[in-house]
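One structure is given below, encoded as structure tokens.
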Amino acid sequence: MSDWQESYDLVIVGSGGGSMCAALIAQQLGKKALIIEKLDKVGGSTGYSGGVWWVPNNAIMKRHGVDDTYERARLYLDSAVTYDGPGTSPIRREAFLKTGPLMVDFLERKGMAFEYADGWSDYYDDLPGGEPRGRSLVAKLFNIKELGDWSSKLSRYLGPGIPATSDEFPTLFLMKRTWAGKKKAMQLGLRMLKQKILGQEVLGGGAAIQGRMLQIALRHQLPIWTDTPVTDLVVEDGRVTGVVATRNGQSIRIQGRDGVLVNVGGFSRNADMRKQYQPQPSSAKWTNANPGDTGEVIQAAIKQGAAVDCMDEAWWVVTSLGPDESFPQGAVAANGVPLPFMHHLDLSLPYSIMVDQDGVRFCDEAGAYMEIGQRMYRRQAQTGKAVPAWVVMDSRQRKFYPWGNAMPGQVPQQWLDSGYMIKADSLEELAGKCGIDCAGLLATVERFNGFCSTGVDLDYGRGSRAFDRCHGDPSVKPNPNLGSIEEGPFYAVRMYPGDVGTAGGLVTDEFARVLRDDGSVIEGLYATGNSTAGVSGRCYPGAGTSIAASFTFAYIAAQHSAGVEKIW
């Protein structure tokens, strides 16, 4: 037997989405769980995220009159997820869809405050079983000062703290265009004034999820260790029985009597792993993933024979950079940490297109962000001219909508001076300044402007789905996502395949057990979240799929490790 300095029933490595859920389940079952986090912040990638769960057939959406079923959700998932891999097996899909609603019920009883993101459509709502009102949940706004001394230890996005939930931003983006946008902006202003008067720090997004999860965990006195990196897995007689970690400068061995759950995120910030597994060109500079997304625990599992899949995938969200991949003004936090702009909502709005160096469009700019990144890489493989690509804007895009951190009507002078944003009086001049094929760009714009007149994008279907339209501008007719490129001055920015985390990893079964290449189980080793090959494979079916899967399979893993036979 090993010499253990600490002993628990379940050792949970990483504190992202699902970790505290698993520890709560373990405690409810009379087990003792420990959460180990290598950074000084608790919450992982989920804390940095938009803070959304995609959970079909959940009780909250049903309270809002959306009648979902397992069968309908399964029809949609099977229609959207066409990749046939070990992570997307039929039994894993069943486990995810049947257990997700149970996980939501459990967390709600523990104190999680959910809201239905009504109108945030499934990303492919036009497929069989798709739900145009959406299946996504967000956490209600949370005052992180309720955490007391722990508030400074919460993992959170380092940009400006805004007291709004993720589903409110599409309306906020229309503050200059619609009465709903103006009303939402006024509500936001009042919230900001209220929190200033009351001395609060109210946040939405991932901080609201993980802030409230941390509050629940502390209320239940769950042990959470920060600044404790795991350096290896302990294996005895073919079974993972614990971990080796560094705590207070000392190496310690921690036993997991029932198992070890890996929930450490992916490897977005590991340059060597990106070079080994990801499509090229690739750079850790382009990511908005958690700083702890470095992959060493995944590598430790691989050394023990763990199978991996989809290692070339990520949760792509395109970003914009200046010459030589420089960060523009506003894309760096106050402490100097880069915060690359993430372009999803602004790309959905009218009066802009994305083209390659030949001036040719290659995607539905208002579509699912993961697919946009995939199409960018596909185009790069075909022509070598799509990384970087270019977003070309009509003057009305800058007049009416935000871009990056610039409000409608703003074009920061530093953006122009640095070459991040290129300005020209004509499309011909713009093409010349950007090195875009002029004839190709003019032909693309002429064809696209015709689509704007008819309201039908014959090439990529922009604005044909409810998902596209819920991020569009309803004041633009006949298609809220289509606005012509014809009023100068014109602008352009370089676009790169950024991400918010990698989407491939350890292969797991329906109980979240890590598998070998031959399909056998590595006893005692469980995994969830971005550490795994996801249940949705190479597709993102709805907002919050990755977070929901992390929570759901952590919920399953904690029960299975404790010997629960019937989980769903």
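Each residue of the sequence shown is one higher than the one before, starting from -12 at the first, in the numbering used here.
Cβ coordinates follow ideal geometry from the N, Cα and C atoms, glycine included.
The structure presented is a predicted model; accordingly, all values stated were derived computationally and were not measured.
Roughly how far, in whole angstroms, is the beta-carbon of residue i from the beta-carbon of residue j, given that I think they are within contact range, below 8 angstroms?
{"i": "G146", "j": "G34", "result": "Actually they are not in contact, since the Cβ atoms of G146 and G34 sit about 13 angstroms apart, beyond 8 angstroms."}
{"i": "C297", "j": "G491", "result": "3 angstroms"}
{"i": "D112", "j": "A453", "result": "5 angstroms"}
{"i": "V487", "j": "N250", "result": "In fact, because the Cβ distance is near 16 angstroms, the residues do not count as touching under 8 angstroms."}
{"i": "I534", "j": "V39", "result": "6 angstroms"}
{"i": "T215", "j": "A232", "result": "5 angstroms"}
{"i": "W303", "j": "G360", "result": "2 angstroms"}
{"i": "A499", "j": "A514", "result": "6 angstroms"}
Quick check: the Cα distance between residue i and residue j, rounded to an integer number of angstroms?
{"i": "P266", "j": "A301", "result": "10 angstroms"}
{"i": "T218", "j": "I239", "result": "10 angstroms"}
{"i": "T532", "j": "T431", "result": "34 angstroms"}
{"i": "F254", "j": "T441", "result": "44 angstroms"}
{"i": "V398", "j": "A320", "result": "19 angstroms"}
{"i": "M200", "j": "A549", "result": "22 angstroms"}
{"i": "K170", "j": "A258", "result": "44 angstroms"}
{"i": "Y388", "j": "I543", "result": "43 angstroms"}
{"i": "K28", "j": "W212", "result": "10 angstroms"}
{"i": "G396", "j": "V443", "result": "28 angstroms"}
{"i": "V189", "j": "K181", "result": "10 angstroms"}
{"i": "A271", "j": "R261", "result": "8 angstroms"}
{"i": "P157", "j": "H458", "result": "6 angstroms"}
{"i": "L124", "j": "Y103", "result": "5 angstroms"}
Which partner residues does residue i have in the DSSP bridge list?
{"i": "K386", "result": "Per DSSP, none; premise fails for K386."}
{"i": "A232", "result": "V217 and I239"}
{"i": "I340", "result": "V379"}
{"i": "P325", "result": "V319"}
{"i": "T495", "result": "V501"}
{"i": "E223", "result": "R226"}
{"i": "V305", "result": "BP columns for V305 are empty, so no partner."}
{"i": "A411", "result": "F477"}
{"i": "V247", "result": "V(-2) and L512"}
{"i": "M482", "result": "S307 and A376"}
{"i": "E102", "result": "V125"}
According to the neighbour-count rule (16 or more other Cβ atoms, all chains shown, within 10 Å of its Cβ), is residue i buried or exposed?
{"i": "S413", "result": "exposed"}
{"i": "G168", "result": "buried"}
{"i": "N277", "result": "buried"}
{"i": "N322", "result": "exposed"}
{"i": "R96", "result": "exposed"}
{"i": "P467", "result": "buried"}
{"i": "D343", "result": "buried"}
{"i": "M7", "result": "buried"}
Comparing alpha-carbon positions, which option in the options lies nearest residue i?
{"i": "G37", "options": "Y57, K127 and K97", "result": "K127"}
{"i": "W41", "options": "K28, M7, S66 and W107", "result": "W107"}
{"i": "A67", "options": "I22, K18 and E118", "result": "E118"}
{"i": "G511", "options": "R244, G186, L26 and L11", "result": "R244"}
{"i": "D109", "options": "A100, V189, Y356 and G346", "result": "Y356"}
{"i": "G578", "options": "I12, L11, E24 and V443", "result": "Residue 578 lies beyond the stretch modelled for the chain, which goes from -12 to 555, so this question has no answer here."}
{"i": "I289", "options": "D504, V125 and D424", "result": "D504"}
{"i": "A318", "options": "D381, E352, Y364 and G391", "result": "G391"}
{"i": "A479", "options": "E416, L62 and V222", "result": "E416"}
{"i": "S269", "options": "Y483, S451 and A204", "result": "Y483"}
{"i": "L332", "options": "C421, L159 and G1", "result": "L159"}
{"i": "E358", "options": "K420, G521, G396 and R525", "result": "R525"}
{"i": "G346", "options": "L220, Y57, M162 and F435", "result": "F435"}
{"i": "F328", "options": "G437, D299 and E312", "result": "E312"}
{"i": "P310", "options": "D154, E(-7), Y407 and D71", "result": "Y407"}
{"i": "G529", "options": "E58, L205, G116 and I131", "result": "G116"}
{"i": "G72", "options": "Y63, M99, S523 and K85", "result": "S523"}
{"i": "N44", "options": "A368, F83 and A10", "result": "F83"}
{"i": "Q291", "options": "P315, R59, L502 and R456", "result": "L502"}
Does at least one heavy atom of the ligand SAM sit under 7 angstroms from the Cβ of residue i?
{"i": "A368", "result": "No copy of the ligand SAM occurs in the structure displayed, which carries no ligand at all."}
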